[in-house]
Amino acid sequence: MADTGMVMYEEEFKHIDAELSKLHQQANAKVIFLVDKNGQLIASVGETRNLDTTSLASLTAGNIAATGGMARLLGEREFSILFHEGKRDNIHISMIGQRVILVVVFDQRSSLGLVRLRVKKSVEAFTQIFDRILKKIEIESGKKVEIKSPFAEITEEDIEKLFG
Amino acid sequence: MSFINYSAREINCKIVYYGPGLCGKTTNLLYIYKKSSPESKGKMISLATETERTLFFDFLPLTLGNIRGFKVRFHLYTVPGQVFYDASRKLILRGVDGVVFVGDSQVERMEANIESMENLRKNLNEQGFNLDALPFTIQYNKRDLPNVVPLEGMNRALNPKGVSFLEAVAPQGQGVFDTLKEIAKQVILELKKNA
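Set out below in structure tokens:
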């Protein structure tokens, strides 16, 4: 495998959630979400009820991937921030480390300047949390027993049941 | 790359449908979308041109059910099949857990099939994957057309390693869910292996 799969543990999830809520409040944002670079939604906060966050996550990752491809063609390592301006809502997208994407949706109650400033501060906190998670994944995959993967004892029957 | 969320008790896996232009990748996803119950599927996203050719990707999130208390979700993607969209194809293969190669069974598309299969192998290598080590299945689509290559011929050209293969007529749904089931099974067994 080219890379280890992402694993989210209860404890780190709480830290992420707390940091997201803080950013949500300080940046006066509508919705904030975190997406794995491969398009999997990690966490979200704010007015998500009428929002298709799964699709948004996948499109965000596609967007970052395409922009990354453009960057490399120009000899840049990456474009670390993307900003889309709409009539009502705006989207600010930034990278955390090389692995996770932070997406902030905001309207006229906030401003690009405020969002940029608050995101910058949060990115540092998120970087630390994700560094911890990656270390934990590495350690756990080394000893393999401590946290039991739900797949360890799966049977053919379990799989058959999925297709009912 | 699979994403196991202990907090939400969810497992997400990524499956990519690969193959030459007009082989029926999007048709596979559309059929799955049409036939899945509303509570198990998310919205299907198609980034297509005005003539409905896939431009970047199609995306369909699908919840299959529960395994050991974990919700199992598959994110199905297609790549744009046309040769000149290679840069986009590479991006979509990132973090893939399993690949379905959709081959066009028509005689005149064999060359395109072979080219696409080579392209798949090359693009996976660039992302650090080895096709032979990845959950992988082949679907021979359009079996209802009059000018199809016999199965042996398809296998000889596209399946020298003898991986699992299925016949399909995607617009009518024949073989579509069997293919999904086959790749899902392989992906889950791979997760078990690494658990």
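Those sequence lines, one after another, are chains G and P. Numbering-wise, the first sequence is residues 81 to 244 according to my numbering. Numbering-wise, the second sequence is residues 14 to 208 according to my numbering. Note that CB positions come from ideal geometry on N, CA and C, so glycine has one too.
Comparing alpha carbon positions, the residue from G:Phe243, G:Glu240, G:Ile234 closest to Gly82 of chain P is G:Ile234. At least one C-beta of chain G is nearer than 8 Å to the C-beta of Asn25 of chain P.
Counting the other Cβ atoms within 10 Å of the Cβ of Thr91 of chain P gives 16 or more, which makes it buried.
The secondary-structure analysis by DSSP pairs Thr76 of chain P across a beta bridge with P:Arg86. Excluding sequence positions up to five before and after Ser124 of chain G, its CB lies within less than 6 Å of the CB of Phe113, Thr133, all in the same chain and listed in chain order. Chain-ordered, the chain G residues with CB closer than 8 Å to the CB of Tyr19 of chain P read Val87, Met88, Tyr89, Glu90, Phe93, Ile227. Each of G:Leu154, G:Lys94, G:Gly193, G:Leu136 was checked against the Cα of Ile181 of chain G, and the nearest Cα belongs to G:Leu136. Counting only runs of 4+ residues, the alpha helix (DSSP H) found wholly inside the segment 90-177 of chain G occupies 90-106, 133-153, in chain order. In this structure, Ile176 of chain G sits near Phe206 of chain G, with a CB-CB distance shorter than 8 Å. Just measuring C-alpha positions, the residue of G:Val115, G:Ala109, G:Ala141 sitting nearest Ser190 of chain G is G:Ala109. Contact check for Ile122 of chain G against Val111 of chain G fails: the beta carbons are separated by 8 Å or more. DSSP places Asn41 of chain P inside the alpha helix (DSSP H), whose first and last residues are 38-48. Chain-ordered, the chain G residues with CB closer than 8 Å to the CB of Pro74 of chain P read Thr134, Ser135, Ser138. By alpha-carbon distance to Ile28 of chain P, the top candidate from P:Gln199, P:Asn160, P:Asn18, P:Ala208 is P:Gln199.
The Cβ atoms of Ala107 of chain G and Arg198 of chain G sit closer than 8 Å to each other. The closest CA to that of Phe243 of chain G, considering only P:Pro163, P:Pro148, P:Ile196, P:Asn172, is found on P:Ile196. Within 9 Å of the CB of Lys241 of chain G, the CB atoms of chain P belong to Gly78, Asn79, Ile80, in sequence order along the chain. For Leu144 of chain P, there is no enclosing beta strand (DSSP E), since its DSSP letter is neither H nor E.
Neighbours of Phe113 of chain G across chain P, judged by C-beta separation under 7 Å, do not exist; the nearest C-beta is about 13 Å away. Here Ala181 of chain P carries a coil assignment [DSSP, helix/strand/coil]. Spatial neighbours of Leu144 of chain P in its own chain (CB-CB distance under 6 Å, excluding positions within 5 residues in sequence) are listed in chain order as Arg134, Leu137.
Excluding five sequence positions before and after Gly126 of chain G, the CB atoms of its chain that fall closer than 7 Å to its own CB belong to His104, Ala109, Lys110, Val111, Ile112, given in chain order. About 13 Å separates the Cβ atoms of Gly116 of chain P and Asn132 of chain P, ruling out a contact at the 8 Å cut-off. Contact between the segment 85-94 of chain G and the segment 147-166 of chain G is not established, with fewer than three Cβ pairs separated by less than 8 Å.
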